[in-house]
Amino acid sequence: MASRLLEVKSALQDSVDRLVLDLLPGGKRSGGNYTVKSPVRHDRRAGSFVVWLTGPAKGCFKDYADDSAKGDIIDLIALCKGMGKDRSAALAWAEDWLGWKKMSKADRAKYIKEIKKREKLEKAKDDRRQQYLIQQAQKTWNKTLPIEGSLGEVYFKHRGIPLDEIRNRTDFCHFLPEAEYWLLADYEFEGGKRKKVKAGPTFPAIVSRMDNIDGHLQALHYTFIAPDGCGKAPIEDQSKAKLMFPRTAGAAIWMTRGKGNLNPDTMVARKLAAPGVIGEGIEDGLSVALGVPEARVLAAGSLPNLLTFPLHPCFNSFVLLKDNDWNKPEAQALFDRAFQRVKRAGYPVEVVSSNCGKDMNDLLGGV
Numbered sequence: 001m002a003s004r005l006l007e008v009k010s011a012l013q014d015s016v017d018r019l020v021l022d023l024l025p026g027g028k029r030s031g032g033n034y035t036v037k038s039p040v041r042h043d044r045r046a047g048s049f050v051v052w053l054t055g056p057a058k059g060c061f062k063d064y065a066d067d068s069a070k071g072d073i074i075d076l077i078a079l080c081k082g083m084g085k086d087r088s089a090a091l092a093w094a095e096d097w098l099g100w101k102k103m104s105k106a107d108r109a110k111y112i113k114e115i116k117k118r119e120k121l122e123k124a125k126d127d128r129r130q131q132y133l134i135q136q137a138q139k140t141w142n143k144t145l146p147i148e149g150s151l152g153e154v155y156f157k158h159r160g161i162p163l164d165e166i167r168n169r170t171d172f173c174h175f176l177p178e179a180e181y182w183l184l185a186d187y188e189f190e191g192g193k194r195k196k197v198k199a200g201p202t203f204p205a206i207v208s209r210m211d212n213i214d215g216h217l218q219a220l221h222y223t224f225i226a227p228d229g230c231g232k233a234p235i236e237d238q239s240k241a242k243l244m245f246p247r248t249a250g251a252a253i254w255m256t257r258g259k260g261n262l263n264p265d266t267m268v269a270r271k272l273a274a275p276g277v278i279g280e281g282i283e284d285g286l287s288v289a290l291g292v293p294e295a296r297v298l299a300a301g302s303l304p305n306l307l308t309f310p311l312h313p314c315f316n317s318f319v320l321l322k323d324n325d326w327n328k329p330e331a332q333a334l335f336d337r338a339f340q341r342v343k344r345a346g347y348p349v350e351v352v353s354s355n356c357g358k359d360m361n362d363l364l365g366g367v
């Protein structure tokens, strides 16, 4: 069953564009995503229902208006065909759609072999694309300004975090006077390629490095802030005043080095290890670093990134910071998975939440 499932998923992903148009006609492709009206809700317009067409999540979907509606390419078929959670029925439908029921074993084996060959070529292409995007992120980082004396420093003070009082802080965050908020840019497609026709608005931004386990830049985290630095940029959905680019899985924002002020590789070379503290947000982590200067603090950047942050050997245990507004079952389940991941890796792990407000930054501010 497992090998059959993997073979069918690979074949569906190989034809994901055709499949999506069959299941969900009338949508719009935007980069590597396909947005369309929900097949099960009454949507006035497309926007919240998204299917990924490229990358590791090819064929996966998420309805941002319903946190329970998400899954892989098999779940997508089950949803669109009214099969509920019956993946066996969806698998059978997929084999019929692929034409496998009419194929001989030899023809199917040949077909799967061709798919694997294309997958290998596509992965190599995707890897090259990812390296290019990382190079672009590095170029942006090279253009950033020191955070000291900038509106970024004003923002942190407004949040109750004087950066100059945080001991053993890394040079993780810089400042850009103007950064494009690309989520509001307009694009159109020509010849299958996406072309930007109107840039998004610009705001001052705090730009933070997201480094992988080897300490190399993998992505950038942007906090778009108000023109006076006193709060986030005037974006309708304040939760989206923070963006990350490019892929962030396996990376984190390494904010303080804690007691000894040693970088991770030096610690390992000296056979040293220390506890690590990690939460979702930068402000949350810095609030802990301010009160517990001996802590080595990281930020994941997002709740899903808690599933993949680097488990570097410089750590001997972890404290996971849990926000109090993760009331939805899906968010709770995701955090529990992050906890179990660390535990399975052999690290002692504890969970800490603020006793007031949303997180440690609210506790710091007396919310």
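For what it's worth, the UniProt record's numbering labels the leading residue of the sequence shown as 1, then goes sequentially. Note that beta-carbon positions come from the ideal geometry of N, C-alpha and C, so glycine has one too.
Of all the options the options, which has the alpha carbon lying nearest to the alpha carbon of residue i?
| i | options | result |
| --- | --- | --- |
| residue 30 | 14, 54, 23 and 42 | 54 |
| residue 179 | 157, 205, 143 and 75 | 205 |
| residue 264 | 313, 229 and 108 | 313 |
| residue 181 | 356, 74 and 203 | 203 |
| residue 153 | 126, 79 and 228 | 228 |
| residue 69 | 174, 330 and 353 | 330 |
| residue 241 | 230, 223, 231 and 106 | 223 |
| residue 303 | 321, 148, 292 and 22 | 321 |
| residue 217 | 232, 254 and 225 | 254 |
| residue 347 | 277, 159, 162 and 106 | 277 |
| residue 169 | 289, 323 and 6 | 289 |
| residue 97 | 49, 332, 86 and 81 | 81 |
| residue 296 | 328, 324, 260 and 74 | 260 |
| residue 231 | 34, 157 and 310 | 157 |
| residue 249 | 34, 212 and 359 | 212 |
| residue 324 | 279, 62 and 257 | 279 |
| residue 26 | 45, 32 and 14 | 45 |
Since residue i and residue j should fall inside the 8 angstroms C-beta cutoff, what is the C-beta to C-beta distance between them, to a whole number of angstroms?
| i | j | result |
| --- | --- | --- |
| residue 286 | residue 134 | Residue 286 to residue 134, Cβ: 25 angstroms. No contact. |
| residue 274 | residue 315 | 7 angstroms |
| residue 12 | residue 94 | 6 angstroms |
| residue 23 | residue 77 | 7 angstroms |
Only counting the same chain, and skipping five residues up and downstream in sequence, which positions put a Cβ closer than 8 angstroms to that of residue i?
| i | result |
| --- | --- |
| residue 220 | 137, 140, 141, 207, 208, 209, 210, 244 and 245 |
| residue 145 | 174, 175, 176 and 177 |
| residue 183 | 200, 240 and 243 |
| residue 284 | 299, 321, 323, 359, 360 and 361 |
By Cβ distance below 6 angstroms, which residues in the same chain neighbour residue i in space, the five residues on each side in sequence not counted?
| i | result |
| --- | --- |
| residue 10 | 115 |
| residue 369 | Nothing can be reported for residue 369, as the shown portion of the chain is limited to 1 through 367. |
Just mark residue i as buried or exposed, buried being the case when its beta carbon has 16 or more other beta carbons within 10 Å.
| i | result |
| --- | --- |
| residue 19 | buried |
| residue 16 | buried |
| residue 350 | exposed |
| residue 132 | exposed |
| residue 188 | exposed |
| residue 367 | Residue placement at residue 367 is poorly supported in this model, since its pLDDT is 48, which falls under 50; the coordinates still yield a value, given next. Residue 367 comes out exposed. |
| residue 4 | exposed |
| residue 361 | buried |
| residue 281 | buried |
| residue 107 | exposed |
| residue 7 | buried |
| residue 345 | exposed |
| residue 164 | exposed |
| residue 65 | exposed |
| residue 374 | Here the chain has residues from 1 to 367 only, and residue 374 is not among them. |
Per DSSP, residue i forms a beta bridge with which residues?
| i | result |
| --- | --- |
| residue 358 | The partner list for residue 358 (beta bridge, DSSP) is empty, contrary to what the question assumes. |
| residue 198 | 186 |
| residue 242 | 223 |
| residue 92 | Residue 92 is not bridged to any residue. |
| residue 173 | 208 |
| residue 254 | 298 |
| residue 30 | 33 |
| residue 278 | 298 and 320 |
For residue i, which residues from the same chain have a beta carbon less than 7 angstroms from its beta carbon, with the 5 sequence-adjacent residues on both sides left out?
| i | result |
| --- | --- |
| residue 198 | 185 and 186 |
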